[in-house]
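Numbered per the numbering used here, the sequence shown spans residues 49 to 184.
As structure tokens, the structure follows; a few thoughts come after it.
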Amino acid sequence: SAYQLHELGYNLFATKATGEVLQKNGVPCTIVGYPTEKDGSDMTNALDMIREKDICMVVNVPTYESKRLEDNFLMRRSAVDFGIPLMTNMNLFKVFADAANLHSKGEISGLEPKKLFEHYQGETDADAWTDKDEFH
Numbered sequence: 049s050a051y052q053l054h055e056l057g058y059n060l061f062a063t064k065a066t067g068e069v070l071q072k073n074g075v076p077c078t079i080v081g082y083p084t085e086k087d088g089s090d091m092t093n094a095l096d097m098i099r100e101k102d103i104c105m106v107v108n109v110p111t112y113e114s115k116r117l118e119d120n121f122l123m124r125r126s127a128v129d130f131g132i133p134l135m136t137n138m139n140l141f142k143v144f145a146d147a148a149n150l151h152s153k154g155e156i157s158g159l160e161p162k163k164l165f166e167h168y169q170g171e172t173d174a175d176a177w178t179d180k181d182e183f184h
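As structure tokens, this is what we get:
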């Protein structure tokens, strides 16, 4: 899934442990510092990137094996606070990557946005889940 996004031109950033796994599996990424690491190094901090909106989506999937609970919480909380889309479920991330891949190929069809009332005007009485005379 991460490799799919890389192939689509996404720039991937990851904290150390995740970045090492991605790179070991052939997924290029830039490693950034954990939020609680303030050791004075030149490494960009994940929290600062979220606050500055240098990151347009955060994927943080905590598991029972997670050891950096405070860092994970800070990244998720900051994403929400700064209006950055957040994914905390690996299945959702896989669906997103697949959909982005299909979208780039022009293979997603049938998704024509319309106003709600336009949608209802195209409905037949059989499509409605309530009686047409019922008050809405």
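Yeah, the Cβ is synthetic: ideal placement off N, Cα and C, and Gly gets one too.
Assign Asp-119 to one of two classes, buried (16 or more other C-beta atoms within 10 Å of its C-beta) or exposed (fewer than that).
A buried status is given to Asp-119, since no fewer than 16 other beta-carbon atoms sit within 10 Å of its beta-carbon.
Tell me whether the beta-carbon of Lys-153 lies closer than 8 Å to the beta-carbon of Ser-49.
If you check the CB distance, Lys-153 and Ser-49 do not come in under 8 Å.
By the three-class DSSP mapping on this structure, what secondary structure does Leu-70 have?
Correct three-state label for Leu-70: helix.
What's the gap between the Cα of Gln-52 and the Cα of Thr-178?
Approximately 42 Å between the Cα atoms of the pair.
Only counting the same chain, and skipping five residues up and downstream in sequence, which positions put a Cβ closer than 6 Å to that of Thr-78?
Annotation for Thr-78: Phe-61 place their beta carbon closer than 6 Å to its own, counting only its chain and skipping 5 residues before and after.
Does the region 133-148 come within contact of the region 164-173, defined as at least 3 CB pairs closer than 8 Å?
By the C-beta criterion, the region 133-148 is judged not to be in contact with the region 164-173, since fewer than 3 inter-stretch pairs fall below 8 Å.
Can you give me the Cβ contacts of Ala-127 inside the same chain, cut-off strictly under 7 Å, excluding the 5 residues immediately before and after it?
Only Ile-98, Val-106, Leu-134 meet the Cβ criterion.
Alpha carbon of Lys-56 to alpha carbon of Glu-155, nearest angstrom
It is worth fixing the name first, because residue 56 is Leu in this sequence and not Lys. The C-alpha of Glu-155 is placed about 15 Å away from the C-alpha of Leu-56.
Considering only C-alpha positions, which residue in the set Ala-148, Ala-145, Ile-103 is nearest to Gly-131?
For the residues Ala-148, Ala-145, Ile-103, the minimum Cα distance to Gly-131 belongs to Ile-103.
Compare the beta carbon distance of Pro-83 and Ala-65 with 8 Å and say whether it is the shorter of the two.
Taking a C-beta distance under 8 Å as the contact criterion, Pro-83 and Ala-65 do not qualify as a contact pair.
When DSSP builds the beta bridges, which residues end up paired with Phe-61?
Per DSSP, Thr-78.
Pick out whichever of Arg-125, Glu-182, Glu-68, Lys-72 has its Cα sitting closest to the Cα of Gly-81.
By alpha-carbon distance to Gly-81, the top candidate from Arg-125, Glu-182, Glu-68, Lys-72 is Glu-68.
If you drop the 5 nearest sequence neighbours on each side, which residues of the same chain put their C-beta closer than 8 Å to that of Asn-108?
Excluding positions up to five away in sequence, the list reads Asn-120, Met-123, Arg-124, Ala-127, Leu-134, Met-135, Thr-136.
Could you give the DSSP three-state label for Leu-53: helix, strand or coil?
Assignment of Leu-53 by DSSP, reduced to helix, strand and coil, places it in the helix class.
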